[in-house]
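Chemist: Protein sequences appear in the order of chains A and B. According to my numbering, the first sequence is numbered sequentially starting from 10. According to my numbering, the second sequence is numbered sequentially starting from 83. One structure follows; several queries about it will come next.
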Amino acid sequence: MPRGVRRRYLALKLVSDRSVSREDLMNTIWDDLIQLFGEYGASQTDLTLIRYNHERDYAIVRCSHKAVEMVKASIASITEINGKPAAVHVKRVSGTLKALLKKVQFSDSSLSGG
Amino acid sequence: MRRFADLHLCPSIEDSDQVEKMIGKSSERGYRMVAISLPLNITQTKVRRLQKICGDAKLDFVTRVDLNPKTSKELLHYLRRFRRSFEIVSVICNSKSVARQAAKDRRVDLLTFSATNIHKRFFDRAEAELASNALSSLEIEMAPLLFLEGSLRIRLISSLRRESAVAEKFGVPVVLSSGATEEYLMRDPWEYAALAGLFDMGGPVALRGLSEIPFSLVERNRGKLSPDYVAPGVRVVKEGDCCPEV
Numbered sequence: 010m011p012r013g014v015r016r017r018y019l020a021l022k023l024v025s026d027r028s029v030s031r032e033d034l035m036n037t038i039w040d041d042l043i044q045l046f047g048e049y050g051a052s053q054t055d056l057t058l059i060r061y062n063h064e065r066d067y068a069i070v071r072c073s074h075k076a077v078e079m080v081k082a083s084i085a086s087i088t089e090i091n092g093k094p095a096a097v098h099v100k101r102v103s104g105t106l107k108a109l110l111k112k113v114q115f116s117d118s119s120l121s122g123g
Numbered sequence: 083m084r085r086f087a088d089l090h091l092c093p094s095i096e097d098s099d100q101v102e103k104m105i106g107k108s109s110e111r112g113y114r115m116v117a118i119s120l121p122l123n124i125t126q127t128k129v130r131r132l133q134k135i136c137g138d139a140k141l142d143f144v145t146r147v148d149l150n151p152k153t154s155k156e157l158l159h160y161l162r163r164f165r166r167s168f169e170i171v172s173v174i175c176n177s178k179s180v181a182r183q184a185a186k187d188r189r190v191d192l193l194t195f196s197a198t199n200i201h202k203r204f205f206d207r208a209e210a211e212l213a214s215n216a217l218s219s220l221e222i223e224m225a226p227l228l229f230l231e232g233s234l235r236i237r238l239i240s241s242l243r244r245e246s247a248v249a250e251k252f253g254v255p256v257v258l259s260s261g262a263t264e265e266y267l268m269r270d271p272w273e274y275a276a277l278a279g280l281f282d283m284g285g286p287v288a289l290r291g292l293s294e295i296p297f298s299l300v301e302r303n304r305g306k307l308s309p310d311y312v313a314p315g316v317r318v319v320k321e322g323d324c325c326p327e328v
């Protein structure tokens, strides 16, 4: 029986003087992904925002396990969001959301929103 | 646990606020050793102040100088004058003659090339052969990969891909450093390893360029700069009245 799609969950920490909306964050990640790997490469990442905590500047994104290095490189190359200096750091990577939450010791409620 | 080093942090030395912030950030990001680019005429008071800031952040501070000679003769003059004053000597190779001289001189630790001008990147097979005999390393700064855009970044990635392959073939150690001039350009060692994938450098090789290679480089130079050092493999163990007469 074919195995389901293997995914990776990445916990991200935003560093910015301004507050960043979830749309701005995802648009920036997509822009950098397309700049570095092109539309074809970006289409292979299967990138989705899973959770975003605006107050604590944390986010969780999901991607295909084959594209995790591409996504990490794109996230590391972010230097500004909406024209303002910013950085996004990958804190942990895990195969399941449950394990990731355990690893980064977030409570489920701190990362509200789907 | 693996220790990491950032051999090129470039805060403005005069701005103590920025220096403290960047050193603090380095410690947070998981580094245990940082080298800060210092001007040739730096005073001992300033060096001690930097050492204290790094000590407070639980970081090992390494003095580094970036030499930017116009000719190979000027490079030799700089090396004679400043080699023993700094733990790491990096040469910015802006011409082929300087690059060749730097690669074959054992006093040079790091070979650095322009990130923005691809025509001034002279790390080819001949350069790699000279560097491998003289034990100098190729330095790759990661900050330009973050702030350059479009065709400039594409050309840089392409050059780095070629250079890292040549370095591997000739056994030239590659040191990855941040080259960060501000906080927002600083990244974790693992993020740098992911970025190194852009120029086909494998994760383990990239992590070695951020840990084992810089640590062994600094250790070797500290040994040479110690007053006990005599020659490679020879150092003073004991001297004075306590030694038995032969």
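Beta carbons: idealized from backbone N, C-alpha and C, even for Gly.
Can you check whether the C-beta of G123 (chain A) is within less than 8 Å of a C-beta belonging to chain B?
Modeler: Along the first sequence, read from residue 1 onward, the residue named residue 123 (chain A) stands at position 114. Reliability of the predicted coordinates at G123 (chain A) is poor, the pLDDT of 42 falling under 50, and the value obtained from them is presented with this limitation in mind. No, its Cβ sits nowhere closer than 8 Å to a Cβ of chain B.
Chemist: Are A197 (chain B) and L157 (chain B) closer than 8 Å when you measure CB to CB?
Modeler: Stepping through the second sequence from its first residue, residue 197 (chain B) is reached at position 115. Stepping through the second sequence from its first residue, residue 157 (chain B) is reached at position 75. No. Outside cutoff.
Chemist: If you run the structure through DSSP and keep just helix, strand and coil, what is H74 (chain A)?
Modeler: Here the question's residue 74 (chain A) lines up with position 65 in the first sequence. Helix, per DSSP.
Chemist: Out of curiosity, what's the CA-to-CA distance linking R182 (chain B) and S98 (chain B)?
Modeler: Against the second sequence, residue 182 (chain B) aligns to sequence position 100. Against the second sequence, residue 98 (chain B) aligns to sequence position 16. Approximately 37 Å between the Cα atoms of the pair.
Chemist: Spell out the partners DSSP gives N62 (chain A) in its beta bridges.
Modeler: Along the first sequence, read from residue 1 onward, the residue named residue 62 (chain A) stands at position 53. In the DSSP output, where bridge partners are listed per residue, N62 (chain A) has A:Y67.
Chemist: Would you mind working out which of B:R302, B:S108, B:V254 and B:A288 sits nearest G208 (chain B), comparing C-alpha positions?
Modeler: As a working note, residue 208 (chain B) is residue 126 in the second sequence. Here residue 208 (chain B) is Ala; the residue named in the question, Gly, does not match the sequence. Minimum Cα distance to A208 (chain B) is reached at B:V254.
Chemist: Given that S73 (chain A) touches chain B, what residues does it touch there, using C-beta distances under 8 Å?
Modeler: Here residue 73 (chain A) is taken as the residue at index 64 of the first sequence, counted from 1. Correct list: empty, because the minimum Cβ distance to chain B is about 15 Å.
Chemist: Which residues in chain A have a C-beta closer than 7 Å to the C-beta of A197 (chain B)? List them in chain order.
Modeler: As a first step, residue 197 (chain B) must be located in the second sequence, where it is residue number 115. The contacting residues do not exist; A197 (chain B) stays about 14 Å from chain A at best.
Chemist: For the alpha helix (DSSP H) that A181 (chain B) lies in, which residues bound it at each end?
Modeler: Numbered from 1 along the second sequence, position 99 holds the residue referred to as residue 181 (chain B). Element bounds for A181 (chain B): K178 to K186.
Chemist: Residues of chain B with CB under 9 Å from Q81 (chain A), in chain order?
Modeler: For the purposes of this step, residue 81 (chain A) is identified with residue 72 of the first sequence, where counting begins at 1. Here residue 81 (chain A) turns out to be Lys, not Gln, going by the sequence shown. Under the 9 Å cutoff, chain B gives W272, E273, A275, A276, L277 and G279.
Chemist: Excluding sequence positions up to five away, which residues of its chain have a Cβ less than 6 Å from the Cβ of N303 (chain B)?
Modeler: Here the question's residue 303 (chain B) lines up with position 221 in the second sequence. Contacts found: E169.
Chemist: Could you check if L277 (chain B) is buried or exposed, using at least 16 other CB atoms within 10 Å of its CB as the buried criterion?
Modeler: The residue labelled residue 277 (chain B) in the question sits at position 195 within the second sequence. Looking at its Cβ environment, which holds 16 or more other Cβ atoms inside 10 Å, L277 (chain B) is buried.
Chemist: If you pair each beta-carbon of the region 142 to 160 of chain B with each one of the region 111 to 124 of chain B, do three or more pairs fall below 8 Å?
Modeler: Yes, the region 142 to 160 of chain B touches the region 111 to 124 of chain B.
Chemist: For V85 (chain A), count neighbouring Cβ atoms within 10 angstroms of its own Cβ and tell me buried if that reaches 16, exposed if not.
Modeler: Reading the first sequence from its first residue, position 76 is the one you call residue 85 (chain A). In the sequence on display, residue 85 (chain A) carries Ala and not Val. It is buried - the Cβ of A85 (chain A) has at least 16 other Cβ atoms within 10 Å.
Chemist: Verify the CB distance criterion: does A108 (chain A) have a CB-CB separation below 8 Å to chain B?
Modeler: Counting from 1 along the first sequence, the entry for residue 108 (chain A) is found at position 99. Not an interface residue.
Chemist: In angstroms with no decimal places, state the Cα-to-Cα distance between S116 (chain A) and M224 (chain B).
Modeler: On the first sequence, residue 116 (chain A) is found 107 positions in, with the first residue counted as 1. On the second sequence, residue 224 (chain B) is found 142 positions in, with the first residue counted as 1. Its pLDDT being 47, under 50, S116 (chain A) is placed unreliably in this model, and the value from its coordinates should be taken loosely. When rounded, the distance between both Cα atoms is 35 Å.
Chemist: Pop quiz: K186 (chain B) and A216 (chain B) are said to be a contact at Cβ under 8 Å. What is the actual Cβ separation, rounded to whole angstroms?
Modeler: Here the question's residue 186 (chain B) lines up with position 104 in the second sequence. Here the question's residue 216 (chain B) lines up with position 134 in the second sequence. Contact flag correct, Cβ pair sits at about 5 Å.
Chemist: Under 8 Å Cβ to Cβ from G123 (chain A), same chain only, skipping five residues before and after it: list those, please.
Modeler: Numbered from its first residue, the first sequence carries residue 123 (chain A) at position 114. Summary for G123 (chain A): the model assigns pLDDT 42, below 50, so the residue's position carries little reliability; its value from the coordinates is reported in the next sentence. So the list reads I59 and R60, once near-sequence residues are dropped.
Chemist: Compare the C-beta of T54 (chain A) against all C-beta atoms of chain B and say whether one is closer than 8 Å.
Modeler: Numbered from 1 along the first sequence, position 45 holds the residue referred to as residue 54 (chain A). Not closer than 8 Å to any Cβ of chain B, the Cβ of T54 (chain A) fails to qualify, so no.
Chemist: For a contact defined as C-beta to C-beta under 8 Å, what are the partners of R243 (chain B) on chain A?
Modeler: Taking the second sequence and counting its residues from 1, the one referred to as residue 243 (chain B) is at position 161. By Cβ distance, chain A contributes nothing, its closest Cβ being about 14 Å from R243 (chain B), past 8 Å.
Chemist: Using a Cβ cut-off of 7 Å, which residues of the region 85 to 110 of chain B contact any Cβ in chain A, in chain order?
Modeler: Residues passing the 7 Å Cβ filter: none.
Chemist: Roughly how many angstroms lie between the CA atoms of F252 (chain B) and K202 (chain B), to the nearest whole one?
Modeler: Counted from its first residue, the second sequence places residue 252 (chain B) at position 170. Counted from its first residue, the second sequence places residue 202 (chain B) at position 120. C-alpha separation (whole angstroms): 21 Å.
Chemist: Does the beta carbon of P113 (chain B) come closer than 8 Å to any beta carbon on chain A?
Modeler: Mapped onto the second sequence, residue 113 (chain B) falls at position 31. Here residue 113 (chain B) is Tyr; the residue named in the question, Pro, does not match the sequence. False, the Cβ-Cβ gap to chain A never drops below 8 Å.
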